[in-house]
Amino acid sequence: MAAPRIIVVGGGVGGVSAAQQLAKGNFADVTLIDRRDYFEIPWSNVRIPVDPDLINRTTLPLQEVPKVGRFVHASATSVSETGVRLNNGSSLPFDYLVLASGSTWEDPVNSGTDTLLTDRKLNQQASHAMSDGLLAITVASWCAKQSAELEAAGTVLVIGGGAVGVELAGKLPLLFVSEIAETYPDKQVTLVQANKELVPGYSARLSRKILSVLKGLHVEASLHYNWKLLSSRVLLSEKAHKMDEQRYTLSPSERTITADKVYVCIGGKPNTNFLKAESSRAILDEHGYVKVNSFLQVEGHSNWFADWFALGDITSLSDYRLGRLAVDQGVLVASQIRTLHG
Numbered sequence: 079m080a081a082p083r084i085i086v087v088g089g090g091v092g093g094v095s096a097a098q099q100l101a102k103g104n105f106a107d108v109t110l111i112d113r114r115d116y117f118e119i120p121w122s123n124v125r126i127p128v129d130p131d132l133i134n135r136t137t138l139p140l141q142e143v144p145k146v147g148r149f150v151h152a153s154a155t156s157v158s159e160t161g162v163r164l165n166n167g168s169s170l171p172f173d174y175l176v177l178a179s180g181s182t183w184e185d186p187v188n189s190g191t192d193t194l195l196t197d198r199k200l201n202q203q204a205s206h207a208m209s210d211g212l213l214a215i216t217v218a219s220w221c222a223k224q225s226a227e228l229e230a231a232g233t234v235l236v237i238g239g240g241a242v243g244v245e246l247a248g249k250l251p252l253l254f255v256s257e258i259a260e261t262y263p264d265k266q267v268t269l270v271q272a273n274k275e276l277v278p279g280y281s282a283r284l285s286r287k288i289l290s291v292l293k294g295l296h297v298e299a300s301l302h303y304n305w306k307l308l309s310s311r312v313l314l315s316e317k318a319h320k321m322d323e324q325r326y327t328l329s330p331s332e333r334t335i336t337a338d339k340v341y342v343c344i345g346g347k348p349n350t351n352f353l354k355a356e357s358s359r360a361i362l363d364e365h366g367y368v369k370v371n372s373f374l375q376v377e378g379h380s381n382w383f384a385d386w387f388a389l390g391d392i393t394s395l396s397d398y399r400l401g402r403l404a405v406d407q408g409v410l411v412a413s414q415i416r417t418l419h420g
């Protein structure tokens with residue numbers, strides 16, 4: 079039996095995980111597609127302002143990532159039963175398709191170098207960016223700028239206390255706000271969370287553990303509106319509304335917060351524009367996420383979607399949208415494809 083042709087769209091942690099599992103033992107002819115030519119660890123991005131040198135340890139050219147099959151540096155523009163069409167005009171046929179194109183965030187610290195490339199219009203130069211050091215130099219400059227802005231800020235506002243606002247560092251959960259508070263204890267740091275608890279969807283025990291860590295860093299937290307202001311504070315059950323770059327109003331308290339530096343850790347949008355064409359729009363829900371079943375198999379109105387899979391931030395099942403979860407989903411998808419192919 080000929081090896082199946084498998085295309086993986088997206089070279090993030092989930093896509094790379096799936097590609098590596100599928101390429102094992104020469105099971106399949108795997109092609110990994112990404113508009114970037116580098117791999118990065120997404121959950122490290124939120125630490126860049128307090129550790130700008132971290133970027134040097136968390137990025138790698140995709141050509142150097144081992145055992146992912148063939149890498150094609152291009153953007154997917156549309157997908158149909160016959161193949162994946164790329165922005166260079168070519169079309170790649172497949173027997174199985176894995177969609178892992180990730181998400182984009184409003185705040186550049188959360189989107190990381192992906193937003194940097196867009197802002198500086200470096201996408202056209204990405205084919206040689208890593209090899210000639212252009213990207214490395216630009217990223218280093220950007221990271222240094224992020225660090226300098228945070229260091230100069232007297233007041234910091236972090237919006238969102240969910241999976242992105244929370245940094246799961248090692249075995250101990252630490253909030254991004256606690257990372258700043260620990261590194262710069264003289265700053266007033268405020269975390270605003272619309273939910274009544276931190277990391278909603280997780281256990282109450284985890285939320286209590288995080289609050290305990292915050293108190294150890296002299297961050298006062300409460301579930302109500304009576305706040306004792308220390309060096310930092312956590313405001314729960316409050317939604318932030320942007321007035322300008324440095325001012326936000328909160329509801330329902332109607333108070334105004336002004337900060338020198340603001341980090342928006344909410345509002346991620348799935349990178350699924352290339353799936354909105356007639357040939358594939360049936361697989362998207364009303365919010366642009368890919369509809370999948372419990373096996374991460376794409377759901378739609380055509381039988382040929384049965385050979386399509388999706389994982390990570392773009393799926394309708396990704397309630398937590400964590401990079402570590404995408405890695406596990408990559409393993410699951412590969413297992414499903416191996417089983418289907420026999």
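The opening residue of the sequence shown carries number 79 in the numbering used here; numbering runs sequentially from there.
C-beta atoms are modelled at their ideal positions from N, C-alpha and C, and glycine is treated no differently.
Predicted, not measured: the structure shown is a model, and the values here were computed from it.
(request) Have a look at the DSSP bridge pairing and note the partners of H319. (result) T327
(request) In angstroms with no decimal places, state the Cα-to-Cα distance between G90 and Y341. (result) 23 Å
(message) Is the beta carbon of S181 closer than 8 Å to that of D406?
(response) Contact flag unset, no.
(message) Excluding the 5 residues flanking N304 on each side, which residues of the same chain have their C-beta closer than 7 Å to its C-beta?
(response) Low local confidence applies: a pLDDT of 35 at N304 is under 50, so the model's placement there is unreliable, and no value is given.
(message) Can you look up L252 in the DSSP assignment and give me helix, strand or coil?
(response) Model confidence at L252 stands at a pLDDT of 47, short of 50, so the residue's coordinates are unreliable and nothing is read from them.
(request) Would you mind reading off the limits of the beta strand (DSSP E) that contains L138? (result) For L138, the enclosing beta strand (DSSP E) starts and ends at 137–139.
(request) Give a yes or no on contact between the region 374–381 and the region 326–333, applying the rule of three or more CB pairs nearer than 8 Å. (result) no
(request) With DSSP collapsed to three states, give me the class of G92. (result) helix
(request) Say whether the region 261–278 touches the region 223–236, bearing in mind that this needs 3 or more beta-carbon pairs closer than 8 Å, one atom from each stretch. (result) Verdict: yes, contact present.
(message) By DSSP's criteria, S158 is part of a beta bridge. Which residues make up the other side?
(response) G161
(message) Does D112 pass the burial test, meaning 16 or more other C-beta atoms within 10 Å, or should it be called exposed?
(response) buried
(message) I need the straight-line Cα distance from M321 to P144, nearest angstrom please.
(response) Straight-line measurement puts the Cα of P144 at about 46 Å from the Cα of M321.
(request) Spell out the partners DSSP gives G112 in its beta bridges. (result) Reading off the sequence shown, one finds Asp at residue 112, where the question assumed Gly. Note: D112 sits in a beta bridge opposite H151.
(request) Assign I133 to one of three DSSP states: helix, strand, or coil. (result) It is helical.
(request) Could you give the DSSP three-state label for L246: helix, strand or coil? (result) The predicted position of L246 is uncertain, since its pLDDT is 28 and thus under 50; no value can be drawn from it.
(message) Going by DSSP, what residue range makes up the beta strand (DSSP E) through A388?
(response) 386–388
(message) Please report the straight-line C-alpha distance between E275 and I344, rounded to a whole angstrom.
(response) 15 Å
(request) Check each candidate in L177, D129, V150 and name the one with the smallest Cα separation from P139. (result) Minimum Cα distance to P139 is reached at V150.
(message) When you compare the region 349–357 with the region 155–169, are there three or more beta-carbon pairs, one atom per stretch, that lie closer than 8 Å?
(response) Output reads yes: the region 155–169 touches the region 349–357.
(request) Would you mind reading off the limits of the alpha helix (DSSP H) that contains V405? (result) 401–419
(request) Tell me D107's beta-bridge partners as DSSP assigns them. (result) R83
(message) Which same chain residues end up closer than 7 Å to F105 when comparing Cβ atoms and leaving out the 5 residues on each side of it in sequence?
(response) A81, R416
(request) Decide if Q141 is buried, meaning its Cβ has at least 16 other Cβ atoms within 10 Å, or exposed. (result) Around the beta carbon of Q141, fewer than 16 other beta carbons lie within 10 angstroms, which makes this residue exposed.
(request) Can you grab the Cα-Cα spacing for the pair L177 / T393, in whole Å? (result) Note on geometry: alpha-carbon atoms of L177 and T393 lie some 9 Å from one another.
(request) Starting from the C-beta of G346, find all residues in its chain whose C-beta is less than 6 Å away, skip the five residues before and the five after it, and write them out in chain order. (result) Cβ neighbours of G346 beyond the five flanking positions: S181, W183.
(request) Would you kindly work out how many angstroms separate the C-alpha atoms of V277 and G167, rounded to a whole number? (result) 43 Å
(request) Using alpha carbons as the reference points, say which of D173, G92, A97, T109 lies closest to L418. (result) D173
(message) Can you check which of these residues, E229, S329, D363, I288, is closest to A272 by C-alpha distance?
(response) When C-alpha distances from A272 are compared across E229, S329, D363, I288, the shortest belongs to S329.
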